[in-house]
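Written below as structure tokens is the structure these notes are about.
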Amino acid sequence: MKIQQPHSILLIGIVLLFLVVLMGGCKSTKLVGEDEYLLDKLTIECDKSELESKKLLTTMKQKPNRKMLGVYRFHLATYNLFHPKDTSKHPPKLITRIGNVVGEPPVIYEKALHDKSRKNLVNYLHKKGYYNAVVVDTMIVHRRNKKKANLSFKITAGEPYTINRISYDIIDPFIKDIVFADTVKSKIKSGDVFDLDKLLEERERVSHLIRNSGYYYFSSENIHYYADTILSGNVVNLTMTIKKSFEADRYFLQEIFTRQTIKNVYVYCNFNRGRFAVEKEAYLKTLDTVYYENLTLLVDGKLTIKPKVILQANYIETGEDYNVDNVVQTQKHLSSLKQFKGVNIQFSESPEYVKNAWDAENPWLDAHIFLSNTLRQGYSITAEGTNSSGNYGVAGVITYQNQNLFRGAEMFSTKLTGSFQTLAGDDEIGEKQLLNTFEFGPEIRLDFPKLMLPLQSERFIKRHNPSTNIGLSFNHQDRHDYTRTLGNASFGYTWHSENGYFKHSVNP
């Protein structure tokens, strides 16, 4: 007797369901009411290839139901199949749920959404510099099926506005020097299309540049543009203005921005967020203090990781100006150690102050790095039955992991696999012996978060986040016709490029 496999039954069920949907849900306007139209087709035509169709479609508030393989509206048919036309009937909840999850309700044309789509489209064209664009929109009801409608937009874009001249209005001389020193990387240049998205990109770039130069409180909200369009010929004279927001900055008596320098770096090890949420400052007073070079470690209980490992992963240096990239790098490097389930970096004004060149009091910043430990070690055991071409057997795997073996963020893992299987004998014997084959094999892997070399470079570790990878494996197979033992050893180095885009590996 042949038993049908479960996956075959499932496949047949899916095919039958598909056929049922094709036959029973083929009338796409089944749930379209009186004086309503199913949105059947949406087209956008534009005379400028620079304006991508995909981007134009994102402005639409209504789009037709999806088509499977670009031919059939399967999801709409499924929805129609599981939802009765008579709303007084209430099918079982399971049926309705299937229709809602797999299906897609019919998209009914709405004049209000049509008008909003047109408005969005015009706004998008203006944002891209096409202020003289003309949009003609049309809704046409099908001749044969009066419950279907097509919606079309035809765009005559015209010539876009371009940037004639770029100037800057910056009172703070230090900010001005920072901006002018990096204009070669500007996202906007004279002759470019007056694209608001590009202006926003440049705004974020300049804001990031300034925040990388010590200005912790600076934000993109301090950057504004003024566009002069009174010139003829579709051109714009653009001015970037950088000024303080007096409402948000308590140093409102001066127009000069304040630059912040790092005074202290506090690292909270084994940080218990639950206790801190309840006890607040009382919890912080229970922490032990450990000083290591320029770090102040505040430890809850026993320090489970060597301070040197934290130091190597930290880019926030005392005595240096605030730098947002260093904060991001610290977050990424600490997270890559896989020792912490949470890495949170915050800043606060230090009680101590420093004088700048303008004789104004600039607050020092204290950095607070909160590290919540993850589970250090764990194991798993799995067992399964196997069936390969009628040869039955059992297999098992035991895995152990330790993510901080020597308190230096070393990742240690070992896996032990074993299996028994019943294989047929040779042709002359033609019989099977129960569990006549055996396979056994341990694997060991150890990763160090540094290069295991005689000379170590702290600078290289910070820039490239390297690791040393060691692996050993052993496999023994015992079968009725042969016995063999295999072994393998691997050793290699891995490091990343400074920008983080590339990963390099060397296996001597």
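Just so it is clear: in the sequence shown, position 30 is 47 by my numbering, and no numbers are missing.
Note that beta-carbon positions come from the ideal geometry of N, C-alpha and C, so glycine has one too.
Provide the residue span of the beta strand (DSSP E) that contains residue i, from first to last.
i      : result
Ile183 : Thr179 to Ile187
Tyr396 : Gln394 to Ser405
Glu456 : Thr454 to Phe465
Leu312 : Leu312 to Val316
Leu503 : Thr500 to His513
Asn281 : Ile279 to Cys286
Ile415 : Asn408 to Asn419
Gln214 : In the sequence under discussion, the amino acid at residue 214 is Asp, which differs from the Gln named in the question. Segment Leu213 to Arg228 is the alpha helix (DSSP H) holding Asp214; no beta strand (DSSP E) there.
Ile157 : Val151 to Val158
His493 : Ser484 to Asp495
To the nearest angstrom, how far is the alpha carbon of residue i from that of residue j?
i      : j      : result
Thr76  : Asn97  : 28 Å
Phe465 : Pro483 : 9 Å
Ala506 : Gly488 : 6 Å
Arg292 : Asn340 : 31 Å
Asn404 : Phe491 : 24 Å
Pro108 : Asp154 : 40 Å
Gln438 : Leu503 : 19 Å
Thr60  : Thr113 : 32 Å
Lys471 : Ser514 : One detail in the question is off: residue 471 reads as Pro in this sequence, not Lys. If I take the Cα positions, the gap works out to 22 Å.
Pro324 : Val223 : 36 Å
Gly231 : Pro122 : 53 Å
Lys261 : Phe274 : 7 Å
Leu382 : Phe477 : 27 Å
Ser169 : Met156 : 7 Å
Val523 : Phe429 : 20 Å
Leu351 : Pro380 : 27 Å
Thr200 : His225 : 13 Å
Phe211 : Glu369 : 46 Å
Lys80  : Phe99  : 22 Å
Ser528 : Gln348 : It is not possible to answer for residue 528, since the shown part of the chain is limited to 18 through 525.
Asn516 : Ala198 : 21 Å
Arg393 : Gly318 : 15 Å
Val118 : Asp132 : 30 Å
Asp64  : Val345 : 44 Å
Tyr518 : Thr303 : 42 Å
Lys171 : Lys71  : 15 Å
Val196 : Tyr233 : 16 Å
Who are the near neighbours of residue i in its chain, counting only those whose CB is closer than 8 Å to its CB and skipping five residues on each side?
i      : result
Lys164 : Thr46, Val49, Glu53, Tyr54 and Leu55
Arg160 : none
Glu7   : Residue 7 is absent from the model: the chain starts at 18 and stops at 525.
Lys102 : Lys47 and Leu48
Using C-beta distances below 6 Å, list every residue in its chain close to residue i, excluding the 5 sequence neighbours before and after it, in chain order.
i      : result
Ile398 : Ile415
Glu176 : Asn251
Met469 : Thr485
Ile386 : Val284 and Ile362
Ile205 : Lys215 and Glu219
Glu456 : Ser436 and Gln494
Leu463 : Phe429 and Ile487
Pro459 : Leu433 and Phe491
Glu337 : Ile279
Ile548 : With the chain covering only 18 through 525, there is no way to say anything about residue 548.
Which residue comes first and which comes last in the alpha helix (DSSP H) that contains residue i?
i      : result
Val201 : Here Val201 belongs to no alpha helix (DSSP H), and DSSP marks it neither H nor E.
Ala174 : Element bounds for Ala174: n/a, residue is neither H nor E.
Gly291 : Arg290 to Glu296
Ser13  : Given that the chain is displayed from residue 18 to residue 525, the structure contains no residue 13 and the question cannot be resolved.
Thr347 : Val341 to Ser353
Ile333 : Run containing Ile333: none; DSSP gives neither H nor E here.
Asp194 : Pro190 to Phe197
Flag this pair as yes or no: are the beta carbons of residue i and residue j separated by less than 8 Å?
i      : j      : result
Tyr332 : Lys479 : yes
Val360 : Thr313 : no
Leu73  : Tyr141 : yes
Ile192 : Ile240 : no
Val316 : Val307 : yes
Leu111 : Lys78  : no
Asp186 : Thr256 : yes
Ile279 : Ala384 : yes
Leu354 : Ala426 : yes
Gln356 : Gln420 : yes
Lys144 : Leu213 : yes
Thr454 : Arg496 : yes
Val139 : Ala150 : yes
Leu217 : Cys286 : no
Arg228 : Ile322 : no
Check whether the Cβ of residue i lies closer than 8 Å to any Cβ atom in chain B.
i      : result
Tyr309 : The displayed structure is made up of one protein chain only, and chain B is not part of it.
Excluding the 5 residues flanking residue i on each side, which residues of the same chain have their C-beta closer than 7 Å to its C-beta?
i      : result
Ser203 : Glu219
Asp444 : Model confidence at Asp444 stands at a pLDDT of 47, short of 50, so the residue's coordinates are unreliable; what they give is reported in the following sentence. Taken in chain order, the list of residues that qualify is empty.
Asn181 : Ser207, Leu248, Val252, Val253 and Asn254
- Query: What beta strand (DSSP E) runs, 3 residues minimum, are completely inside the region 38-124?
  - Reply: Entirely contained in the region 38-124, the beta strand (DSSP E) runs reaching 3 residues are, in chain order, 55-63.
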